[in-house]
Structures are given as C-alpha cells and as structure tokens.
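Notes to accompany the following structure.
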Amino acid sequence: MRFDFETHRAHDYLYLVRRWRSLARKAGIRLEPFVTADDFELLSIRSPALEATGGIYFSAGIHGDEAASTEGLYLWAELNAKYLRRLPLLLFPCLNPWGLVRNRRVDAEGRDLNRSFHLDDVPRIKAHKELLRGLKFSFAMCLHEDYDARGVYLYEVRQTPLRAHRAIGDELLAAAGYYVPVDLRPKIEGRRANQGAIKRRIRVKQFPVMPEAAYLALSHSDHTITLETPSEYDLGARVQAQAAAIQRAVEIVLG
Ligand SMILES: [Zn+2]
-14 MRFDFETHRA
-4 HDYLYLVRRW
6 RSLARKAGIR
16 LEPFVTADDF
26 ELLSIRSPAL
36 EATGGIYFSA
46 GIHGDEAAST
56 EGLYLWAELN
66 AKYLRRLPLL
76 LFPCLNPWGL
86 VRNRRVDAEG
96 RDLNRSFHLD
106 DVPRIKAHKE
116 LLRGLKFSFA
126 MCLHEDYDAR
136 GVYLYEVRQT
146 PLRAHRAIGD
156 ELLAAAGYYV
166 PVDLRPKIEG
176 RRANQGAIKR
186 RIRVKQFPVM
196 PEAAYLALSH
206 SDHTITLETP
216 SEYDLGARVQ
226 AQAAAIQRAV
236 EIVLG
C-alpha cells in the first residue's frame, strides 16, 4: 500500500478516530473512549483475544508532534485487519489529541505526558493506569519520534537482567531500516547505543519522573521498547518504518 503523505491529514485527530472506528467495526475489535482530556475523547482498543496475561500493548501520539507514530500504528492495524481479533492486543491510537492537532509535544496545560506517569492527580493518566490494572503484557511498545535523530533508533528495557532474555531491538531496527536509515551514532540522547539500540535494565528508583515506557516496564510489561523515528525525515517512510517495526515485534513475540 502506498502512503500518500502529500495529501494525508496526519494531524487531524477526528479523521484518525473515524478511520479507527470503521476499522474496529470491520475487524470486530472493541474501541472504547476511556477519558476526555483537553476536550478530546481518548480511545483504547481491545481485541477479544486479550487476556490478563500475555498481551501486547502499543501506544502512539503521547507527543503530538510525532505524527508518524499515530499513522504507523493505524497503518499496521489496517494492513492486519483480518487478524486483529485473534491477536491479544491493547492499543492506544493517540494519547495526546490536543497536541496532535497543534503539532505540539505537550498537552493543553503545557505538560509532557510522557513525564507524568508518577502523578496521580492528572485524570487522563489516572484513567490510563486504571485501564491497565490487573494486566501483564509480554511485550509493550511506545511509539515516538525524535526531531534531532539521524535515523530510527529504540530503547529496549527490562527489569530482570537482559542477558537472560532474547533482545529483539536489532530485528525491529532491521525491519524499520528498510524504510528509514538506522541512527548509527555511538551515543544517542546521552546513552550508549549499538547500531540504533539502547538496551537497559531499569529499576524504580531511577524514575522520580516517570515516562510511560518505564511505568509499563516496572508494573505491567515483561519487555518494553520505545521506538523513535527521525521526525525531519519523509513522513511516508517514517510511517512505513513504524508499521514495519510493529509487525516484526508481533511476529517475534507471538512467533
Ligand atoms: Zn516522543
């Protein structure tokens, strides 16, 4: 499928919601508003195959100026409409609609939502956490973009020692790298990177200010990745790169 980025309304939240609604109906999956924030309904999507353990979590658009994340998740879902019912999925198509519409990283109050998961007084974060209560995912991926990235890169984290597990970041980068070059800098955002992959073991005390991925890794997910595409690169290629990484992750995790 060709992604027409010239005419695409990547920052039109209501258009995104309309497409998800129609896809959910076609695919037989449940789309549910879970909270209203900045006058927009936030949606979650749950497949009938999702159980308390072993599920897969994807979220996009927590930063509104990262439109390839919301479009990439949608593109992947659309290409896999036939299978969505049978995959154990919890999806968040866009966590910051106000930001998406304005091409802003933050929400209407100037808050970076991806630095807010330690807070209990932000209703949208509270509602998000309530939705996750009792769920343990085998894999979670938070979809992002970075405006000064030189290519696609990712963070791969676990609470348990990394050597005990198979790392999958390299394979996701290989899939995404077909569309967008991999960021090969030895240091990215101040952290040691190897061919675009930053692998870490995390502990709760490292996070007085909590990103979504850290919250997931510490409470709900056995294996967590934050994917970053370079937001100055061609939108169509970034969307394809996001969708390819999602596809590869699902194949490996459920394989
Ligand atoms: Zn981001």
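Here the sequence shown stands for residues -14 to 240, numbered as in the numbering used here. Glycine included, every Cβ here is placed at the ideal spot set by N, Cα and C. For clarity, every value in this text was computed on a predicted model and none was experimentally measured.
Non-local beta-carbon contacts of S44 in its own chain, meaning distances under 7 Å to residues more than five positions away in sequence, involve F77, L80, C127, L128 and E197 in chain order.
Between the alpha carbons of R151 and R233 lies a distance of about 14 Å. In the DSSP assignment, V20 falls within the unbroken beta strand (DSSP E) covering R15 to A22. Minimum Cα-Cα distance from P18 among the listed residues Q180, P82 and A159 corresponds to P82. In the DSSP secondary-structure assignment, S29 is bridged to E17. For I210, the uninterrupted beta strand (DSSP E) run begins and ends at T209 to P215, by DSSP. Per the DSSP secondary-structure output, E130 pairs in a beta bridge with T214.
The Cβ atoms of R223 and A53 lie closer than 8 Å to each other. Around the beta carbon of G119, fewer than 16 other beta carbons sit within 10 angstroms, so the residue counts as exposed. Restricting attention to D24, R71 and P166, the CA atom closest to the CA of R15 is found in R71.
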